[in-house]
Amino acid sequence: MSDPTPTLQVREVAFAYPDGTQVLFGVDLTLARGERVALLGPNGAGKTTLVLHLNGILTAGHGDVTVAGLRVLPDNLREIRRRVGIVFQDPDDQLFMPSVREDVAFGPRNLGLAGDELDARVHEALDAVGMAEHIDRPPHHLSFGQRRRVSVATVLAMRPEVLVLDEPSSNLDPASRRELADILTGLDVTTLMVTHDLPYALELCPRAVLLDEGVVVADRPTGLLLSDVELMRSHRLELPYGFVPDGLSARSR
Amino acid sequence: MSGGHGHRLFRPGTSYLHRLPAHTKLVAALTFVLVVVATPRQAYWAFVLYAALQALAAQVAGLGLRHVLRQTVVEVPFVLFAVLLPFLVGGDTVSVGGVELSRAGLSDAWNILAKATLGVWTSVILAGTTSPQAVVSGLQRLRLPRLVVEMLAFMVRYLDVVAHDLQHMRIARASRGFDARGPRHWRVLAQSAGALFIRSYERGERVHLAMLSRGYTGSLPLGGSAAATPRQWAAAAALPAAAAVVAVMAWTSVA
Numbered sequence: 081m082s083d084p085t086p087t088l089q090v091r092e093v094a095f096a097y098p099d100g101t102q103v104l105f106g107v108d109l110t111l112a113r114g115e116r117v118a119l120l121g122p123n124g125a126g127k128t129t130l131v132l133h134l135n136g137i138l139t140a141g142h143g144d145v146t147v148a149g150l151r152v153l154p155d156n157l158r159e160i161r162r163r164v165g166i167v168f169q170d171p172d173d174q175l176f177m178p179s180v181r182e183d184v185a186f187g188p189r190n191l192g193l194a195g196d197e198l199d200a201r202v203h204e205a206l207d208a209v210g211m212a213e214h215i216d217r218p219p220h221h222l223s224f225g226q227r228r229r230v231s232v233a234t235v236l237a238m239r240p241e242v243l244v245l246d247e248p249s250s251n252l253d254p255a256s257r258r259e260l261a262d263i264l265t266g267l268d269v270t271t272l273m274v275t276h277d278l279p280y281a282l283e284l285c286p287r288a289v290l291l292d293e294g295v296v297v298a299d300r301p302t303g304l305l306l307s308d309v310e311l312m313r314s315h316r317l318e319l320p321y322g323f324v325p326d327g328l329s330a331r332s333r
Numbered sequence: 275m276s277g278g279h280g281h282r283l284f285r286p287g288t289s290y291l292h293r294l295p296a297h298t299k300l301v302a303a304l305t306f307v308l309v310v311v312a313t314p315r316q317a318y319w320a321f322v323l324y325a326a327l328q329a330l331a332a333q334v335a336g337l338g339l340r341h342v343l344r345q346t347v348v349e350v351p352f353v354l355f356a357v358l359l360p361f362l363v364g365g366d367t368v369s370v371g372g373v374e375l376s377r378a379g380l381s382d383a384w385n386i387l388a389k390a391t392l393g394v395w396t397s398v399i400l401a402g403t404t405s406p407q408a409v410v411s412g413l414q415r416l417r418l419p420r421l422v423v424e425m426l427a428f429m430v431r432y433l434d435v436v437a438h439d440l441q442h443m444r445i446a447r448a449s450r451g452f453d454a455r456g457p458r459h460w461r462v463l464a465q466s467a468g469a470l471f472i473r474s475y476e477r478g479e480r481v482h483l484a485m486l487s488r489g490y491t492g493s494l495p496l497g498g499s500a501a502a503t504p505r506q507w508a509a510a511a512a513l514p515a516a517a518a519v520v521a522v523m524a525w526t527s528v529a
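Going down the list, the sequences are from chains R and P.
Under the working numbering, the first residue of the first sequence carries the number 81, and numbering increases by one thereafter.
Under the working numbering, the first residue of the second sequence carries the number 275, and numbering increases by one thereafter.
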């Protein structure tokens, strides 16, 4: 990578909820510009907690997070939230405005955009996910797959440095899942994808990070990680029945 | 599964009434209802005229008589109350088919029934020609306090979502053989209501999180509806103005 500043740098992040439950025990993770990385791990591994640190919703008890050179601190949350775009799992949580247009405009408007510039930004984001024709519809009149795509547009409209997707393929039918994959691979943005959908991770992300019990236990090329049966099993991960990763053996040998 | 279409009150269309800016319709509907309520109850003919005005408006809006009447069922609880009045109120009585009914009670019942029905019809016509989103932006245009507008906007957005949750819970209960038939089952229903409340509360937290993640700092950028031309205001005023003329005639005839 030519750019020496990592787009996302997580250093020794440890976190405990106010009730004392410690979830993260010193997580290190670095994403270079343009990388697509899958974040894997069983339920309760701390994936969501880690994600909420990336844009300062949660604040680490120890360690720090830096986004394109800017440290996540209470004073620069606005800029951090522009740089880190999180797409939450349930589109009904993500889309809360009366129309697609207003929802996609919500983020950029909070950044101070208005008028033609705002309009252009909204169209650009909706074009990127192929939803421009639905701009004036209320979100609840869209199909689930369409809502998921609009959710992605709502954060693309902020031109983020890092796109963070929480379970992007969940509840999608195969065609919608395929369409979303095409859209995501077409984007020129650093991406961190939290998922249990291992074939999806293999297809979209050259690199995968395995998080369990609040620490990173593996960080390697996705094909290699998925083919390490022992490692996978010890962290409650399993390939779908009958799934033989295409080219896996070639890549891992 | 996908988007609910629970807004059966709204009838999409392109009539003149549909195209009027929402805030002019809101003002017109409110004024009309106030005029109706202020009309003396003895002027029976005035209420017939009001109903005729509404029939005209429904006609212009392309809302079928059947649609309007079907939506009138929301009034039923009030009707039941009104029906009881002639039996409960004392004073002078009049004999109807051998039953002694209170004169004052009958008059009260008529008053409630007539005015409530006209009010419901006004709402049905307004809701039939104005989408829920447009009602919210109309209220915004009318300078309703921001916080209230935001709450309404969220309600419009999430009503379907919560209704779906409720529906799913009902199906899940029924699938395990539950059939609410009597007070013995109220406990389960109450628990379902509690669970729905907690689910909705948690959803509220998740939505808030999603808002914060996109730089929310405390104000929701909702667009108000487009400005209305004087001509549109005049058109919207036609119905309440006609009603006001009727009301003035009613008062002079009673006095």
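Every residue, glycine too, gets a C-beta built ideally from N, C-alpha and C.
Note that the structure is predicted; figures quoted are calculated from it, not measured.
Counted within 10 angstroms of its Cβ, other Cβ atoms place residue i as buried (16 or more) or exposed
i: residue 333(R); result: Any answer about residue 333(R) is weak, because its pLDDT of 40 lies below 50 and its placement is not dependable; what the coordinates show is given next. Exposed, since its Cβ has fewer than 16 Cβ neighbours within 10 Å.
i: residue 71(R); result: Examination of residue 71(R) is not possible in this model, given that chain R is present from 81 through 333 alone.
i: residue 488(P); result: buried
i: residue 333(P); result: exposed
i: residue 81(R); result: Bear in mind that the predicted position of residue 81(R) carries a pLDDT of just 47, short of 50, making it unreliable; the figure below should be weighed with that in mind. Residue 81(R) is exposed by the Cβ-count criterion.
i: residue 240(R); result: buried
i: residue 455(P); result: exposed
i: residue 323(R); result: exposed
i: residue 457(P); result: exposed
i: residue 276(P); result: Its pLDDT being 35, under 50, residue 276(P) is placed unreliably by the model, and the measurement read from it follows with that caveat. Exposed: under 16 other Cβ atoms inside 10 Å.
i: residue 503(P); result: exposed
i: residue 411(P); result: buried
For residue j and residue i, the rounded distance between their alpha carbons
i: residue 300(R); j: residue 286(R); result: 9 Å
i: residue 406(P); j: residue 287(P); result: 14 Å
i: residue 518(P); j: residue 195(R); result: 42 Å
i: residue 273(R); j: residue 144(R); result: 20 Å
i: residue 390(P); j: residue 397(P); result: 11 Å
i: residue 510(P); j: residue 302(P); result: 6 Å
i: residue 279(P); j: residue 172(R); result: Confidence in residue 279(P) is poor, its pLDDT being 45 and thus under 50, which makes the residue's placement unreliable; the coordinate value appears in the next sentence. Computed Cα separation, rounded: 15 Å.
i: residue 529(P); j: residue 361(P); result: 29 Å
i: residue 303(R); j: residue 264(R); result: 19 Å
i: residue 393(P); j: residue 307(P); result: 6 Å
i: residue 298(P); j: residue 344(P); result: 26 Å
i: residue 88(R); j: residue 192(R); result: 24 Å
i: residue 316(R); j: residue 167(R); result: 25 Å
i: residue 401(P); j: residue 328(P); result: 14 Å
i: residue 120(R); j: residue 134(R); result: 16 Å
i: residue 331(R); j: residue 288(R); result: The predicted model places residue 331(R) with a pLDDT of 46, which falls under 50 and marks its position as unreliable; any figure quoted below should be read in that light. So the two alpha carbons sit approximately 14 Å from each other.
Chain-ordered neighbours of residue i on chain R, where CB pairs are closer than 7 Å
i: residue 487(P); result: 135, 137, 161 and 166
i: residue 301(P); result: Within 7 Å Cβ-Cβ: nothing; residue 301(P) doesn't reach chain R, min ~21 Å.
Nearest residue (CA-CA) to residue i, options the options
i: residue 506(P); options: 485(P), 292(P) and 492(P); result: 292(P)
i: residue 97(R); options: 88(R), 128(R) and 111(R); result: 128(R)
i: residue 385(P); options: 523(P), 409(P), 359(P) and 403(P); result: 359(P)
i: residue 149(R); options: 158(R), 163(R) and 138(R); result: 163(R)
i: residue 330(P); options: 516(P), 284(P) and 364(P); result: 516(P)
i: residue 399(P); options: 525(P), 304(P) and 503(P); result: 304(P)
i: residue 471(P); options: 439(P), 345(P) and 365(P); result: 439(P)
i: residue 141(R); options: 310(R), 100(R), 198(R) and 183(R); result: 100(R)
i: residue 103(R); options: 130(R), 84(R) and 90(R); result: 130(R)
i: residue 520(P); options: 323(P), 315(P), 285(P) and 474(P); result: 323(P)
i: residue 114(R); options: 242(R), 225(R), 122(R) and 176(R); result: 242(R)
i: residue 341(P); options: 485(P), 409(P) and 395(P); result: 395(P)
i: residue 476(P); options: 494(P), 436(P) and 500(P); result: 436(P)
Chain-ordered neighbours of residue i on chain P, where CB pairs are closer than 7 Å
i: residue 173(R); result: 477, 480, 481 and 484
i: residue 191(R); result: 489
i: residue 158(R); result: 489
Chain-ordered chain P contacts of residue i [CB-CB under 8 Å]
i: residue 203(R); result: Residues of chain P passing the Cβ test: none, with the nearest at roughly 17 Å.
i: residue 179(R); result: 407
Proximity below 7 Å, CB of residue i to CB of residue j
i: residue 319(R); j: residue 278(R); result: yes
i: residue 201(R); j: residue 219(R); result: no
i: residue 94(R); j: residue 106(R); result: yes
i: residue 527(P); j: residue 317(P); result: yes
i: residue 496(P); j: residue 414(P); result: yes
i: residue 271(R); j: residue 116(R); result: yes
i: residue 86(R); j: residue 112(R); result: yes
i: residue 209(R); j: residue 181(R); result: no
i: residue 136(R); j: residue 152(R); result: yes
i: residue 295(R); j: residue 237(R); result: no
i: residue 206(R); j: residue 215(R); result: yes
i: residue 320(P); j: residue 524(P); result: yes
Listed by chain order, chain P residues near residue i by CB distance under 9 Å
i: residue 235(R); result: 487 and 488
i: residue 238(R); result: 488 and 489
i: residue 186(R); result: 485, 488, 489, 490, 494 and 495
Interface residues of chain R facing residue i [CB-CB closer than 8 Å]
i: residue 435(P); result: 172 and 220
Under 9 Å from the C-beta of residue i: neighbouring residues of chain R
i: residue 428(P); result: 176
Any non-hydrogen atom of the ligand NAP closer than 6 Å to residue i Cβ
i: residue 354(P); result: The ligand NAP is not among the ligands present in this structure, which contains no ligands whatsoever.
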